[in-house]
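**Student:** First, the structure itself, so that you have it in front of you.
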Amino acid sequence: MPQTGRDSPLPDALLTSPPMRDACAERDVGAIFALARDHAGMSLSRLARLCEMTPSRVGEYIKGRARVRQQHVVERVADGLRIPGEMLGLAPRPWEADADTAAEPGPDGLPVAPGLRARLADSVVELDLGIDIEVDKEGWVFLTYHHHVLNLTDRPLTRFSRELWFEHGEGPLEIVTVPGGKQHVTVERIHDAGTLAKFACRVSPPVPPMGTAKIAYRCRGGRFTEAHYWRQAITRYTLRLHIGVRQSGVARLVDCSAVEEHPDGAKQVIDEHVRFSHEGSEAHISLAREELRPNQFVTLHWEVVREGA
């Protein structure tokens with residue numbers, strides 16, 4: 017449970033509720049104010065006083081006539097309502113007693129470490145990057161990417177450039193979008209060379225400054241033969257990365273390991289963050305990392321003996 021402070025105007029039950037977490041993850045100040053009004057009995061005048069704005073402005077946010085575009089407004093809402101910074105993608109606020117004792121963040125309320133926010137200015141941030149790798153008994157891969165991005169630039173985000181490569185497979189790779197987010201996403205192919213694909217995800221409507229979007233796509237055509245690994249380049253500040261592998265037709269899971277490469281070229285073994293299991297003919301492997309920077313790489317290796325080998 018988040019640490020709210022003794023003078024928090026919001027009940028813990030409201031602060032930890034799914035609607036409030038969703039509103040905070042989207043930085044939807046109007047929804048936050050509406051929840052505080054409807055479930056905590058807070059008047060527009062009190063909300064305005066706590067968050068240093070006029071009651072009419074609070075009303076405009078609630079009615080959807082205005083959206084927050086500036087970071088300092090989000091900070092005032094966090095401080096006025098004692099919403100932990102982690103829930104709004106902010107650094108721990110000064111009134112939070114000790115960031116080290118804060119509760120574990122939810123999947124959409126990811127914390128920004130102290131001092132990191134300044135480096136995030138004018139950036140598109142990956143709040144959450146999820147990679148699901150499904151491998152069939154022949155080694156063919158069904159790959160799914162899930163991006164939850166936050167636009168901290170002062171420009172609408174219309175295009176999201178990506179690149180995929182497999183050592184083996186059949187090209188060109190098949191890439192399709194996965195419906196489900198607020199934006200409509202289309203794939204624009206830029207360059208194909210065998211099992212290398214450079215492409216862009218175009219989003220409509222554009223993601224406004226201070227807005228978030230969930231973008232997902234799937235890829236077929238890659239194949240694992242002898243070597244089993246996934247090397248992920250970090251191109252944006254990434255608050256959370258999760259790689260999950262499910263492989264069928266496995267007689268024995270021999271080994272799993274992971275390495276994190278830093279921008280200066282230094283390498284760090286991160287095996288302690290790898291989780292794995294083998295049940296029946298399926299192997300499951302996962303790796304989770306947090307607070308990654310551009311020009312880092314994270315590589316997950318695994319070795320299996322396939323059935324019939």
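Heads up, the sequence shown is in the numbering used here, so the first residue is 17 and it goes up one at a time.
Beta carbons are placed, not taken as given, at the ideal position from N, Cα and C, and that holds for glycine.
These numbers come from a predicted model, not from an experiment.
So, helix, strand or coil for GLU288, using DSSP?
**Tutor:** Three-state result, GLU288: helix.
**Student:** Terminal residues of the continuous beta strand (DSSP E) containing ARG98?
**Tutor:** Element bounds for ARG98: n/a, residue is neither H nor E.
**Student:** Give the straight-line distance between the Cα atoms of PRO108 and ALA39, rounded to the nearest whole angstrom.
**Tutor:** When rounded, the distance between both Cα atoms is 18 Å.
**Student:** Output needed for PRO130: all residues of its chain with C-beta closer than 6 Å, excluding positions within five of it in sequence on either side, in chain order.
**Tutor:** Because the pLDDT of PRO130 is 40, which lies under 50, any placement of that residue in the model is unreliable, and the question is left without a value.
**Student:** For GLY238, report the span of its alpha helix (DSSP H) as first-last.
**Tutor:** Unbroken run through GLY238 is the beta strand (DSSP E), 228-239; no alpha helix (DSSP H).
**Student:** Could you tell me whether the Cβ atoms of CYS3 and VAL290 are closer together than 9 Å?
**Tutor:** No answer is possible for residue 3: the residues shown for the chain start at 17 and end at 325.
**Student:** Could you tell me the boundaries of the alpha helix (DSSP H) in which LEU66 lies?
**Tutor:** LEU66 -> alpha helix (DSSP H) spans 60-67.
**Student:** Touch check for the stretch 203-212 and the stretch 147-166: three-plus C-beta pairs under 8 Å?
**Tutor:** Cβ pair count under 8 Å is below three, so no.
**Student:** I'd like to check one pair, SER139 with ARG43: are the Cβ atoms closer than 9 Å?
**Tutor:** Not closer than 9 Å, so no.
**Student:** By alpha-carbon positions, which one of VAL45, TRP246, VAL270 ends up nearest to LEU257?
**Tutor:** Per the Cα distances, TRP246.
**Student:** Which residues in the same chain have their Cβ closer than 6 Å to the Cβ of CYS67, if we skip the five residues on either side of it in sequence?
**Tutor:** Cβ neighbours of CYS67 beyond the five flanking positions: ARG92, VAL93, GLY96.
**Student:** DSSP three-state call for GLY265: helix, strand or coil?
**Tutor:** In the structure shown, GLY265 sits in coil (DSSP, three-state: anything other than H, G, I, E or B).
**Student:** Expressed to the nearest angstrom, what Euclidean distance is found between the alpha-carbon atoms of PRO25 and PHE49?
**Tutor:** Looking at the two C-alpha atoms, the distance is approximately 12 Å.
**Student:** What are the partner residues of CYS217, as DSSP defines its beta bridges?
**Tutor:** According to DSSP, which records beta bridges pairwise, CYS217 is partnered with PHE176, VAL203.
**Student:** Using a Cβ-Cβ cut-off of 8 Å (strictly less than) and excluding sequence neighbours within five positions of ALA216, which residues of its own chain qualify?
**Tutor:** Here the set comprises ARG175, PHE176, SER177, ARG178, VAL203, GLU204, ILE206.
**Student:** Give the DSSP-derived three-state secondary structure of ASP116 in the structure shown.
**Tutor:** Here the model assigns ASP116 a pLDDT of 38, short of 50, so the residue's position is not dependable and the matter cannot be decided.
**Student:** Rounded to the nearest angstrom, what separates ASP28 and HIS184 at their Cα positions?
**Tutor:** Using only the alpha carbons, I get a separation of about 51 Å.
**Student:** Who are PRO259's beta bridge partners in DSSP?
**Tutor:** A small fix is needed here, since residue 259 is Ile in this sequence, not Pro. Looking at the DSSP assignment, ILE259 forms a beta bridge with ILE147, LEU303.
**Student:** Is the distance from the Cβ of LEU180 to the Cβ of ALA232 below 9 Å?
**Tutor:** Not closer than 9 Å, so no.
**Student:** Do you know how far the Cα of SER72 is from the Cα of ARG305?
**Tutor:** Going from the Cα of ARG305 to the Cα of SER72 covers about 43 Å.
**Student:** Determine the contact status of ARG229 and LEU173, defining contact as a CB-CB distance below 9 Å.
**Tutor:** One detail in the question is off: residue 229 reads as Ala in this sequence, not Arg. The answer is yes: Cβ separation under 9 Å.
**Student:** Can you give me the start and stop residues for the beta strand (DSSP E) that HIS184 sits inside?
**Tutor:** Counting along the chain, the beta strand (DSSP E) containing HIS184 begins and ends at 184-193.
**Student:** Could you pull out every residue in the same chain whose Cβ sits closer than 8 Å to the Cβ of ALA299, ignoring the five residues on either side in sequence?
**Tutor:** VAL261, ARG262, GLN263, VAL266, LEU269, PHE292, SER293, TRP318, VAL320, listed in sequence order.
**Student:** Rounded to the nearest angstrom, what separates GLY80 and ALA47 at their Cα positions?
**Tutor:** Their backbone Cα atoms lie some 9 Å apart in a straight line.
**Student:** Hey, out of THR70, GLY75, ARG309, ARG234, whose CA is closest to THR254's CA?
**Tutor:** Looking at the Cα atoms, ARG309 is the closest of the given residues.
**Student:** According to DSSP, is GLN86 part of a helix, a strand, or is it coil?
**Tutor:** GLN86 falls in the coil class under three-state DSSP.
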